[in-house]
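Per my numbering, the very first residue in the sequence shown carries number 21; after that it's consecutive. We put the CB at the ideal spot given by N, CA and C, even for glycine. Fair warning: this is a prediction, and the values are worked out from it, not measured in the lab.
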Amino acid sequence: MRPIDEMDRETCGNLAGIAFDIDDTVTRHGQLELPAFRAMHELRAGGLRLIAVTGRPLGWVDVLALHWPVDAAVGENGAGWVWRDGEIPREGYFEDLEGRGRYPVTFERVRRRVADALPHVKPAIDQRARRCDLAFDVGETVQLPQPDIDHLVALIEETGARSAVSSVHAHAIPGDWDKARGVVRAARDALGVEIVDELPRWLFIGDSENDSAAFAYFPVSVGVANVERYVPRMRQPPRFVTRLDRGRGFAELASHVLAARRPKRGK
Ligand SMILES: [Mg+2]
21 MRPIDEMDRE
31 TCGNLAGIAF
41 DIDDTVTRHG
51 QLELPAFRAM
61 HELRAGGLRL
71 IAVTGRPLGW
81 VDVLALHWPV
91 DAAVGENGAG
101 WVWRDGEIPR
111 EGYFEDLEGR
121 GRYPVTFERV
131 RRRVADALPH
141 VKPAIDQRAR
151 RCDLAFDVGE
161 TVQLPQPDID
171 HLVALIEETG
181 ARSAVSSVHA
191 HAIPGDWDKA
201 RGVVRAARDA
211 LGVEIVDELP
221 RWLFIGDSEN
231 DSAAFAYFPV
241 SVGVANVERY
251 VPRMRQPPRF
261 VTRLDRGRGF
271 AELASHVLAA
281 RRPKRGK
């Protein structure tokens with residue numbers, strides 16, 4: 021990983037948009053940090069599109085997409101997304117209604133196996149707002165030891181679901197989505213943009229293991245400083261890393277990008 025100071029003016033000047041993770045990328049101890057929120061406003065004022073992408077519930081994303089300065093918000097690690105069409109909220113899903121109808125059976129299987137083998141592991145506190153995802157608390161109100169997280173992931177995968185782990189949750193994912201695929205679909209629905217046609221113009225910033233699909237997909241990828249603890253467990257670490265952690269790291273990236281996009285003095 022290289023320091024973001026090494027991200028050149030041409031890369032920054034070319035950017036069309038930034039997709040960003042939420043937990044521990046713009047938040048600290050679960051709360052949105054002021055420098056990060058200010059940075060979102062500044063990035064948009066600077067002409068950049070913003071897409072928030074999180075493992076948090078689609079029920080939360082309904083609110084984020086309407087109340088935050090973003091063009092779209094993707095929830096449940098890519099399972100669905102919400103955007104504003106004027107004053108009207110619109111939504112999209114990775115799978116159609118029929119496909120989504122199959123998830124409860126998978127979730128029940130996972131729940132039963134986890135209750136038998138790891139009875140102390142509890143559902144995430146935001147589970148009731150989820151539509152396509154079953155999440156367990158690994159680091160939000162409790163701190164599960166790594167062997168328990170590994171065991172939980174193995175149980176989830178034995179049921180046929182996929183898994184993803186963030187700094188706060190372990191997810192059972194009953195479909196083929198991930199954060200990168202969710203961002204691509206959201207950009208198509210919300211902005212009419214095919215990211216694949218302009219991939220070097222989109223930057224992704226995140227902090228943990230459930231961001232690794234996006235770190236791999238986006239050639240301009242950034243980790244906030246706290247990504248360091250997860251790098252050994254990632255198949256693809258981000259290309260650049262900030263000096264500061266969490267929301268301050270996000271603000272550091274925004275400052276660097278915006279400074280590099282300003283015309284040089286005397287020109
Ligand atoms: Mg995160």
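Alpha carbon of residue i to alpha carbon of residue j, nearest angstrom
i, j, result
"A207", "L154", "25 Å"
"R281", "D196", "36 Å"
"R151", "P77", "7 Å"
"P109", "R253", "37 Å"
"G212", "D265", "33 Å"
"D28", "L35", "11 Å"
"L63", "F40", "12 Å"
"R48", "R132", "33 Å"
"G112", "R201", "13 Å"
"V162", "R285", "51 Å"
"E160", "D168", "15 Å"
"G106", "N230", "31 Å"
"S275", "Q51", "21 Å"
"D157", "R249", "19 Å"
"A56", "A271", "5 Å"
"I145", "P283", "47 Å"
Close Cβ partners of residue i (< 7 Å) along its chain, the five nearest in sequence each way excluded
i, result
"R148", "none"
"A181", "T126, V130, A192, I193 and P194"
"G269", "V244, A245 and T262"
"H61", "P89"
"D44", "S187, D227, S228, N246 and R266"
"S232", "M254, R255 and Q256"
"I42", "A72, T74 and R76"
Residue i Cβ short of 8 Å to ligand 1 heavy atom set
i, result
"N97", "no"
"N34", "no"
"T179", "no"
"G75", "yes"
"G226", "yes"
"D265", "no"
"T45", "yes"
"S186", "yes"
"I38", "no"
"D146", "no"
"D198", "no"
"I193", "no"
Same chain, Cβ closer than 8 Å to residue i, five either side skipped, listed in chain order
i, result
"G119", "G195"
"L68", "L35, A36, G37, I38 and V277"
Sequence-distant residues of the same chain with beta carbon closer than 6 Å to residue i, five excluded per side
i, result
"S183", "V173, I176 and E177"
"R122", "none"
"V277", "C32"
"L54", "none"
"R22", "F260"
- prompt: How about the segment 139-151 and the segment 230-241: do they share at least three Cβ pairs that are nearer than 8 Å?
  reply: no
message: Pairs of beta-carbons, one from the segment 213-225 and one from the segment 93-104, closer than 8 Å: are there three or more?
response: Flag = no, the segment 213-225 and the segment 93-104 do not touch.
message: Any contact between the segment 69-85 and the segment 98-114? By contact I mean 3 or more CB pairs, one from each, below 8 Å.
response: yes
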